[in-house]
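Just add 5 to wherever you are in the sequence shown, counting from 1, and you've got the working numbering.
Ideal Cβ placement from N, Cα and C applies to all residues, glycine included.
First up is the structure itself, then whatever we jot down about it.
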Amino acid sequence: MINAALGQFPEAIIVGCLFHFKQVLCRKMLKLKITDLEVDLAMREGCIDRLTIIRRMDITLRGIHDVRTMIKRDCRTRGVHFSKANWKKFWKYFKKIWIRQFKPEWWNINGVRVDIVNRTNNPLERYNRTLNSAFSGAHSDITQFICVIEKQSLENVRYIEPQSPRSSPC
Numbered sequence: 006m007i008n009a010a011l012g013q014f015p016e017a018i019i020v021g022c023l024f025h026f027k028q029v030l031c032r033k034m035l036k037l038k039i040t041d042l043e044v045d046l047a048m049r050e051g052c053i054d055r056l057t058i059i060r061r062m063d064i065t066l067r068g069i070h071d072v073r074t075m076i077k078r079d080c081r082t083r084g085v086h087f088s089k090a091n092w093k094k095f096w097k098y099f100k101k102i103w104i105r106q107f108k109p110e111w112w113n114i115n116g117v118r119v120d121i122v123n124r125t126n127n128p129l130e131r132y133n134r135t136l137n138s139a140f141s142g143a144h145s146d147i148t149q150f151i152c153v154i155e156k157q158s159l160e161n162v163r164y165i166e167p168q169s170p171r172s173s174p175c
């Protein structure tokens, strides 16, 4: 599908969805019998997802090694058994699929302009994250909710309004 899209739109920049990237990796880890605790450590922010933001040439040179070291260290710190053989299978899979088959340019955003990057392919997921970050606590009252929605609505209107008076229909 990616090749078909690039065939039709050769100048397009493919940017994969971070949520689905991590979901696939998580499922593979579990399929390889990596323990839930190890998977949780790998899936936390700043661990395996760091491979999506470092320089592409560093993914295989240092990135994988650094992530593997971080997981081992955190397992040791928390007294969690590190499944060495299973992780070896995982990293073999990762290199085969996510380095050779799916080019890092398709899932690593290093060097891509930040303003054109959505890390999800579902706009509602992105908006949900934006909305959640606007609230101070888990259970906001209706007044705060209305204020946040009003503020975001005004920001959205400013964003989509024509920038110059000449482009206005009136």
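What span of residues does the alpha helix (DSSP H) with residue i cover, start to end?
{"i": "residue 195", "result": "Only positions 6 to 175 of the chain appear in the structure, and residue 195 is not among them; the question remains open."}
{"i": "residue 47", "result": "41-48"}
{"i": "residue 32", "result": "23-36"}
{"i": "residue 176", "result": "What is shown of the chain runs 6 to 175, which leaves residue 176 out entirely."}
For residue i, which three-state DSSP category applies?
{"i": "residue 111", "result": "helix"}
{"i": "residue 70", "result": "helix"}
{"i": "residue 58", "result": "coil"}
{"i": "residue 138", "result": "helix"}
{"i": "residue 51", "result": "coil"}
{"i": "residue 116", "result": "coil"}
{"i": "residue 17", "result": "coil"}
{"i": "residue 213", "result": "The question about residue 213 has no answer, for the chain in this structure spans 6 to 175."}
{"i": "residue 121", "result": "Here the model assigns residue 121 a pLDDT of 49, short of 50, so the residue's position is not dependable, and the following value carries that caveat. Looking at residue 121 - three-state DSSP - the assignment turns out to be helix."}
Which word fits residue i, buried or exposed, when buried means at least 16 other C-beta atoms lie within 10 angstroms of its C-beta?
{"i": "residue 46", "result": "buried"}
{"i": "residue 15", "result": "exposed"}
{"i": "residue 114", "result": "buried"}
{"i": "residue 68", "result": "buried"}
{"i": "residue 150", "result": "exposed"}
Spatial neighbours of residue i within its chain, please: CB distance less than 7 Å, with the 5 preceding and 5 following residues excluded, ordered by chain position.
{"i": "residue 121", "result": "Bear in mind that a pLDDT of 49 at residue 121, under 50, signals an unreliable position, so the number given afterwards is only what the model happens to contain. None."}
{"i": "residue 39", "result": "88, 91, 92 and 95"}
{"i": "residue 60", "result": "115"}
Once you ignore the five residues that flank residue i on each side, which residues in its own chain have a CB closer than 8 Å to its CB?
{"i": "residue 104", "result": "64 and 65"}
Given 8 Å, three or more beta-carbon pairs between the segment 151-160 and the segment 132-141: Contact between the segment 151-160 and the segment 132-141 is present, because at least three Cβ pairs lie under 8 Å.
Closer than 8 Å is the cut-off here; do at least three beta carbon pairs connect the segment 92-101 with the segment 23-37? Contact between the segment 92-101 and the segment 23-37 is present: 3 or more CB-CB pairs across the two stretches fall below 8 Å.
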